[in-house]
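Peer 1: Here it is, the structure in full.
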Amino acid sequence: MWEACAVDYDKSIETLTAWAQNCENVRAMVMTGSAAAHETHSLSDRDIEIYATDPAPLLADDSWWNQLGTVLVVERLAIPGWHPARLVYYVGGKLDLTVVRADVLPTIRYERPFTVLVDKDGHSRSLRLAAAGTSLPDEAAFQEQLNLGYAAALMCAKSIVRDEPWSSKIRDTDLKASLLSLVEWDHHVRYGLGHDVRFLGSRMRQWMDADIQQSLEQCWARFDAADSARALRTSIALFARLGRRIADGLGFRPFSHDSVHDEVEAILALRPDAR
Numbered sequence: 026m027w028e029a030c031a032v033d034y035d036k037s038i039e040t041l042t043a044w045a046q047n048c049e050n051v052r053a054m055v056m057t058g059s060a061a062a063h064e065t066h067s068l069s070d071r072d073i074e075i076y077a078t079d080p081a082p083l084l085a086d087d088s089w090w091n092q093l094g095t096v097l098v099v100e101r102l103a104i105p106g107w108h109p110a111r112l113v114y115y116v117g118g119k120l121d122l123t124v125v126r127a128d129v130l131p132t133i134r135y136e137r138p139f140t141v142l143v144d145k146d147g148h149s150r151s152l153r154l155a156a157a158g159t160s161l162p163d164e165a166a167f168q169e170q171l172n173l174g175y176a177a178a179l180m181c182a183k184s185i186v187r188d189e190p191w192s193s194k195i196r197d198t199d200l201k202a203s204l205l206s207l208v209e210w211d212h213h214v215r216y217g218l219g220h221d222v223r224f225l226g227s228r229m230r231q232w233m234d235a236d237i238q239q240s241l242e243q244c245w246a247r248f249d250a251a252d253s254a255r256a257l258r259t260s261i262a263l264f265a266r267l268g269r270r271i272a273d274g275l276g277f278r279p280f281s282h283d284s285v286h287d288e289v290e291a292i293l294a295l296r297p298d299a300r
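Throughout the sequence shown, residue numbering follows the working numbering, covering 26 to 300 in sequence.
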């Protein structure tokens with residue numbers, strides 16, 4: 026009889042630590058994320074970096090993580106230019122396990138708190154908290170983000186008129202990614218680079234201004250054309266407001282927001298219930 030077993034984070038970390046100590050290939054293990062910063066939510070996962078002399082055997086073997094709880098889903102990530110990872114979803118929890126070559130450990134700099142769980146070679150003495158690598162965009166990067174966002178908005182409008190709601194949602198997601206970049210830049214322009222905007226919009230209730238949150242509440246829609254058009258208009262209105270404020274703050278040349286908005290309206294006008 027199959028029986029689900031909820032993951033116990035403390036026990037899991039203890040088990041992983043003992044395994045790492047006994048595995049010659051593993052040279053160090055570091056916990057990052059909210060647990061290392063003592064900012065966990067009941068739904069927070071645990072982020073663990075495993076530093077191995079040879080990552081390949083660990084990536085080919087599931088046994089070191091599949092006994093930590095009842096496994097539901099696994100994301101096996103192999104992102105070019107980044108370290109491979111296993112994001113393991115258990116009943117009652119999730120572990121983000123990143124496997125890194127051990128020889129890069131002395132060069133690692135963390136932007137957020139970390140906890141060293143295993144260090145066989147004494148390299149943890151070189152680990153430091155570094156200032157977040159946050160910077161304001163140059164004009165080229167800013168213009169590129171405006172173009173990406175508005176291109177998505179124009180395609181979203183076309184999908185609405187064509188009654189292609191799934192496509193419109195995909196384009197809207199692209200628009201929202203650009204909108205989030207503008208929200209983050211806007212806060213950095215006004216409050217300085219020390220203002221922590223986290224990532225992927227996390228903790229937005231803590232760092233994002235209330236008026237922007239209020240505007241965002243109207244930026245998502247149902248499937249129907251009328252509501253989709255309404256949300257699109259609200260989204261690009263906020264996009265333009267933030268874009269103008271960032272450009273003014275950084276001394277960038279103006280962007281023709283109104284021309285894009287006019288084109289969006291011309292497209293939406295082709296469908297009566299989207300006008």
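We put the beta carbon where it would ideally sit given N, CA and C, even for glycine.
(1) What are the complete beta strand (DSSP E) segments, minimum 3 residues, inside the segment 134 to 174?
(2) How big is the Cα-Cα spacing for Arg187 and Cys181?
(3) Are the beta-carbon atoms belonging to Ser69 and Ser59 less than 8 Å from one another?
(4) Give the straight-line distance between the Cα atoms of Gln170 and Asp249, rounded to the nearest whole angstrom.
(5) Let me know the secondary structure DSSP gives Thr198 once reduced to three states.
(6) Looking at the strands, I want to know which residues DSSP matches up with Val96.
(7) Within its chain, find whatever has a CB closer than 6 Å to the CB of Ser37; leave out the 5 residues flanking it on each side and keep chain order.
(8) Roughly how many whole angstroms lie between the Cα atoms of Val99 and Lys201?
(9) Between Val208 and Leu83, what straight-line distance do the alpha-carbon atoms span, to the nearest angstrom?
(10) Considering only their Cβ atoms, is the gap separating Trp90 from Leu120 smaller than 8 Å?
(11) Going by C-alpha distance, which of Leu122, Arg153 and Trp210 is nearest Tyr135?
(12) Please name the residue, chosen from Cys244, Ala254 and Leu205, that lies closest to Trp232 on a Cα-to-Cα basis.
(13) In this structure, what does DSSP give as the bridge partners for Glu209?
(14) Just to confirm the assignment: which complete beta strand (DSSP E) runs, minimum length 3, are found wholly within the segment 60 to 89?
(15) Can you list, in chain order, the residues of its chain whose CB lies under 7 Å from that of Leu267, leaving out five sequence neighbours each side?
(16) What does the Cβ neighbour count give for Leu41, buried or exposed, with the cut at 16 atoms within 10 Å?
Peer 2: In brief:
(1) Runs found: 140 to 144.
(2) 10 Å
(3) yes
(4) 28 Å
(5) helix
(6) Tyr115
(7) Leu93
(8) 27 Å
(9) 39 Å
(10) yes
(11) Arg153
(12) Out of Cys244, Ala254 and Leu205, Leu205 has the C-alpha closest to the C-alpha of Trp232.
(13) The partner list for Glu209 (beta bridge, DSSP) is empty, contrary to what the question assumes.
(14) 71 to 77
(15) Leu207, Val208 and Asp211
(16) buried
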